[in-house]
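Engineer: Handing you this structure, nothing more for now.
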Amino acid sequence: MTITIKNANKDFLKAVKEVAKLANLKVQATQTDEDIAKQWQQEADEALQLYKEGKLEAYNSAKEMHKAILQ
15 MTITIKNANK DFLKAVKEVA KLANLKVQAT QTDEDIAKQW QQEADEALQL
65 YKEGKLEAYN SAKEMHKAIL Q
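Numbering-wise, the sequence shown is residues 15 to 85 according to this note's numbering.
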């Protein structure tokens with residue numbers, strides 16, 4: 015038997031996986047390209063907001079970043 019659930023969030027998926035373990039069932043989760051693009055956009059928006067608030071550092075090069083981290 016196959017059950018399809020669409021538009022589930024991560025918390026719901028975690029709960030379903032835990033219940034499935036009890037019955038030795040397999041759970042397979044997939045994301046569409048659209049879902050992935052939305053997630054990337056949300057992460058980019060969040061990073062930009064943190065940068066604007068001064069809570070996120072930006073570097074011009076990897077060397078500059080490593081130097082700042084090691085100090």
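Beta carbons are placed, not taken as given, at the ideal position from N, Cα and C, and that holds for glycine.
For a test of the three-state rule: what should DSSP assign to Ile19, helix, strand or coil?
Structural biologist: Translated into the one-based positions of the sequence shown, residue 19 becomes position 5. Coil.
Engineer: Tell me the rounded alpha-carbon separation between Lys69 and Ala61.
Structural biologist: Taking the first residue of the sequence shown as 1, we reach residue 69 at position 55. Taking the first residue of the sequence shown as 1, we reach residue 61 at position 47. Roughly 9 angstroms between the two C-alpha positions.
Engineer: Please report the residue range of the alpha helix (DSSP H) in which Asp82 lies.
Structural biologist: The residue you call residue 82 lines up with position 68 of the sequence shown. A small fix is needed here, since residue 82 is Ala in this sequence, not Asp. Residues Ala76 to Leu84.
Engineer: Cα separation between Tyr65 and Glu48?
Structural biologist: As a first step, residue 65 is located in the sequence shown; it is residue number 51 there, counting from the start. As a first step, residue 48 is located in the sequence shown; it is residue number 34 there, counting from the start. Distance between the alpha carbons of Tyr65 and Glu48 is about 26 angstroms.
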